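To keep things clear, I will list the structure first and then write my remarks on it.
2 protein chains.
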Amino acid sequence: MSSSIDILVVGSVAFDSVETPFGKVEDVLGGSAIYFSVAASFFSKVGIVAVVGEDFPSLYLEFLKEKNIDIGGLKKVKGSTFRWKGKYGFDLNEALTLDTRLNVFQDFRPEIPERYRDAEYVFLANIDPELQLRVLDQVENPKLVALDTMNFWIEGKPDKLKEAVARVDIFVINEAEAREFMQEPNLVKAAKKILSLGPKTLIVKRGEYGALMFHGDSVFSAPAYPLEFIYDPTGAGDSFAGGFMGYLANTRNAEDGVIRQAMIFGSVMASFNVEDFSLNRMKYLTYPEIERRFREFKKLCTFEDIT
Amino acid sequence: MSSSIDILVVGSVAFDSVETPFGKVEDVLGGSAIYFSVAASFFSKVGIVAVVGEDFPSLYLEFLKEKNIDIGGLKKVKGSTFRWKGKYGFDLNEALTLDTRLNVFQDFRPEIPERYRDAEYVFLANIDPELQLRVLDQVENPKLVALDTMNFWIEGKPDKLKEAVARVDIFVINEAEAREFMQEPNLVKAAKKILSLGPKTLIVKRGEYGALMFHGDSVFSAPAYPLEFIYDPTGAGDSFAGGFMGYLANTRNAEDGVIRQAMIFGSVMASFNVEDFSLNRMKYLTYPEIERRFREFKKLCTFEDIT
Chain A
1 MSSSIDILVV GSVAFDSVET PFGKVEDVLG GSAIYFSVAA SFFSKVGIVA
51 VVGEDFPSLY LEFLKEKNID IGGLKKVKGS TFRWKGKYGF DLNEALTLDT
101 RLNVFQDFRP EIPERYRDAE YVFLANIDPE LQLRVLDQVE NPKLVALDTM
151 NFWIEGKPDK LKEAVARVDI FVINEAEARE FMQEPNLVKA AKKILSLGPK
201 TLIVKRGEYG ALMFHGDSVF SAPAYPLEFI YDPTGAGDSF AGGFMGYLAN
251 TRNAEDGVIR QAMIFGSVMA SFNVEDFSLN RMKYLTYPEI ERRFREFKKL
301 CTFEDIT
Chain B
1 MSSSIDILVV GSVAFDSVET PFGKVEDVLG GSAIYFSVAA SFFSKVGIVA
51 VVGEDFPSLY LEFLKEKNID IGGLKKVKGS TFRWKGKYGF DLNEALTLDT
101 RLNVFQDFRP EIPERYRDAE YVFLANIDPE LQLRVLDQVE NPKLVALDTM
151 NFWIEGKPDK LKEAVARVDI FVINEAEARE FMQEPNLVKA AKKILSLGPK
201 TLIVKRGEYG ALMFHGDSVF SAPAYPLEFI YDPTGAGDSF AGGFMGYLAN
251 TRNAEDGVIR QAMIFGSVMA SFNVEDFSLN RMKYLTYPEI ERRFREFKKL
301 CTFEDIT
């Protein structure tokens, strides 16, 4: 029996308040599960498992439905939706968190609806590794599982995180966090140590410098697209993961060549996402625009071999 | 009449004392003109214009001659050779300068020997822009001139630097310095402003993240090679420039496709250079190794276009 969705994502839904040198927004739609699923929706059918509060407007639910995202696993509970407030300086590389209110996210215990359990692709967005393990216990023999995390869990629950990482196919992490996790300043050595934990593939996100993939003996460097207008980097990493997983689920293939293309589709989605606040750019993004930017990435990296 | 050299480089020769987390060396051969010319020597015939003191050992001169570098313009004068002392932390991205003794470099006034003046390729390494202008006045109609600089001159002599940049074909600069020079935090905007000053091509060096080239409407991203063993980043930028210019001078062509390959050869030479202190790796480097790493760069960046 085939699942009703291609990709299951478990993560956060949030109201973000963000200030960058280019503007300011308050209580806009955000959260890892949202950025991921909207980016992935251009390629595949996604189902979300997450939690929101009573204050979550139906307007946002409509937006997700328009993107053909299955929101049957998006639970509304008593209380307020998770809120994050942050600020970026001119370099846009690191967010300064001004305020975090977990609210209903505090007691989030993901329960995977029956009809999501045989999803072939699973993305465990950045949440408590104990919850990520709980999801892994509920899904039925997925074809490919990817997991994201952050320094908070590396420092707070390193053993649980290692246990979760050992059970997934693809581990996605920021560069500084990869080094921190393995306590190894050299990235190539840190990558080898991470792969020895279990995952077949490691993706290292480097912000405005793109991303690196380590997969067996294969190393692939995906550049970031040099943009003249970057308004808000919030959600870039999850948009990357969404484009990446969306393309993989669409091709139903995880050969080296396909993973490389998926890395570029991920980079394409991240590059669109940062062009506006919240998911505003995604609202009017079209698939032909995605293909056009993919080809621009191709031009950006192309050089002839020596003969 | 054809020049006896392919590339003229004007820059510094130094004794470097360097400490990294992987070791420590004292008074070893360094300086921009040295790193540049040794890297370029694998591709083309280079002539150096620089100054050393009486303490400069003939052993080093022998090494340069072995690399087929023309040292007729390397002037030995009374006094001590330029000395630089620096330290790198674990991230290896930025050097902490502990001591700088200009010594004979203080009074360096480049004079281009007659037989170097019709060199078709000229590299103005990072020196006072007034001296770079002085060199430009002495050379006779070169085919291609590239210029490097640093924050010291951006802050101290911005107008002279702009005057020099306007007269060259290729401007090479670090990312943070490109932003600082144009007082523009967005790199793409800063690149456009720099190109409007006059040069046809801008190369932005990004350390361990590679380099970007802006050339008309063409943008090219060259990755850095992810290395497991990096011992000393000193001279990486000048080695990059040497590989880049060396390849261009060898092909005698500056079309977009050739410049892209030259960017990769530059990255290849930088990647070898950081594998040991001083120019130690260059001593036993062979051309087949250079070609092999070029092909590894090709693998690192390759992905299939979408159909």
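Chains A and B are the protein sequences, given in the same order.
Using my numbering, you'd call the opening residue of the first sequence number 1 and step up by one each time.
Using my numbering, you'd call the opening residue of the second sequence number 1 and step up by one each time.
For each residue, glycine too, the CB sits at the ideal point set by N, CA and C.
Every value quoted in this text rests on a predicted model; they were computed, and no experiment measured them.
Spatial distance of residue i from residue j (CA atoms)
i: F244/B; j: Q261/B; result: 8 Å
i: Y209/B; j: P226/A; result: 13 Å
i: M269/B; j: I48/A; result: 48 Å
i: V46/B; j: A125/B; result: 13 Å
i: S37/A; j: I69/B; result: 58 Å
i: V258/A; j: I290/B; result: 29 Å
i: T302/A; j: G72/B; result: 39 Å
i: S44/B; j: P223/B; result: 24 Å
i: R292/A; j: K67/B; result: 47 Å
i: T251/A; j: D6/A; result: 11 Å
i: E140/B; j: A178/B; result: 29 Å
i: V28/B; j: L74/B; result: 18 Å
i: E310/A; j: L59/B; result: The structure shown does not extend to residue 310/A, since chain A spans only 1 to 307, so no value can be given for it.
i: M182/A; j: A191/A; result: 8 Å
i: G53/B; j: T149/B; result: 24 Å
i: P233/B; j: A14/B; result: 16 Å
i: A211/A; j: F240/A; result: 9 Å
i: P274/A; j: D276/B; result: Note that residue 274/A corresponds to Val in the displayed sequence, not to Pro. Approximately 39 Å between the Cα atoms of the pair.
i: L64/A; j: A39/A; result: 11 Å
Sequence-distant residues of the same chain with beta carbon closer than 7 Å to residue i, five excluded per side
i: D217/A; result: none
i: F294/B; result: I264, F265, V268
i: E180/A; result: N151, I154
i: A254/B; result: L144, L248
Chain A within 8 Å of residue i, Cβ atoms only
i: R101/B; result: no
i: S309/B; result: No answer is possible for residue 309/B: it lies beyond the span of chain B, which begins at 1 and ends at 307.
i: A164/B; result: no
i: Y209/B; result: yes
i: N273/B; result: no
i: I306/B; result: yes
i: F294/B; result: yes
i: Q132/B; result: no
i: I264/B; result: yes
i: R252/B; result: no
i: E291/B; result: yes
i: R281/B; result: no
i: M1/B; result: Note that M1/B scores a pLDDT of 43, beneath 50, so its modelled location is shaky and nothing firm can be said.
i: P288/B; result: no
Under 8 Å between C-beta atoms of residue i and residue j
i: E175/B; j: R134/B; result: no
i: G23/A; j: Y284/A; result: no
i: A50/A; j: V77/A; result: no
i: R83/A; j: N103/A; result: yes
i: L279/B; j: I34/B; result: yes
i: S221/A; j: L300/B; result: yes
i: G235/B; j: G86/B; result: no
i: S41/B; j: F105/B; result: no
Own chain partners of residue i with C-beta closer than 6 Å, once the 5 adjacent residues on each side are dropped
i: E26/A; result: S17
i: A166/B; result: L197, G198
i: M1/A; result: Any reading at M1/A needs caution, since the residue's pLDDT is 43, under 50, leaving its predicted position unreliable; the model's value is listed next. Around M1/A: no qualifying Cβ.
i: P308/B; result: Examination of residue 308/B is not possible in this model, given that chain B is present from 1 through 307 alone.
i: N247/B; result: The residue asked about is misnamed: residue 247/B is Tyr in this sequence, not Asn. Excluding sequence neighbours, Y247/B sits near F43, A262, F265.
i: V122/B; result: L8, V139, P142, V145
i: P21/A; result: F90
i: M213/A; result: I203, F220, M263
Residue environment, residue i, which counts as buried when at least 16 other CB atoms sit within 10 Å
i: Y287/A; result: exposed
i: I306/A; result: exposed
i: Q132/B; result: buried
i: G317/A; result: Missing from the structure shown is residue 317/A; chain A here goes from 1 to 307 and no further.
i: E120/A; result: buried
i: T97/B; result: exposed
i: P57/B; result: exposed
Sequence-distant residues of the same chain with beta carbon closer than 8 Å to residue i, five excluded per side
i: K200/B; result: D169, I170, H215, G216
i: S271/A; result: A224, Y225, L227, R293
Minimum Cβ-Cβ distance from residue i to chain B less than 8 Å
i: Q138/A; result: no
i: R260/A; result: yes
i: P226/A; result: yes
i: V104/A; result: no
i: L285/A; result: no
i: L144/A; result: no
i: R90/A; result: The amino acid at residue 90/A is misidentified as Arg; the sequence shows Phe. Cβ-Cβ to chain B under 8 Å: yes for F90/A.
Practice problem: Report the residues of the stretch 171-186 of chain A with a CB closer than 7 Å to any CB of chain E, ordered along the chain. | Solution: The chain inventory of the structure shown lacks chain E, comprising the protein chains A and B.
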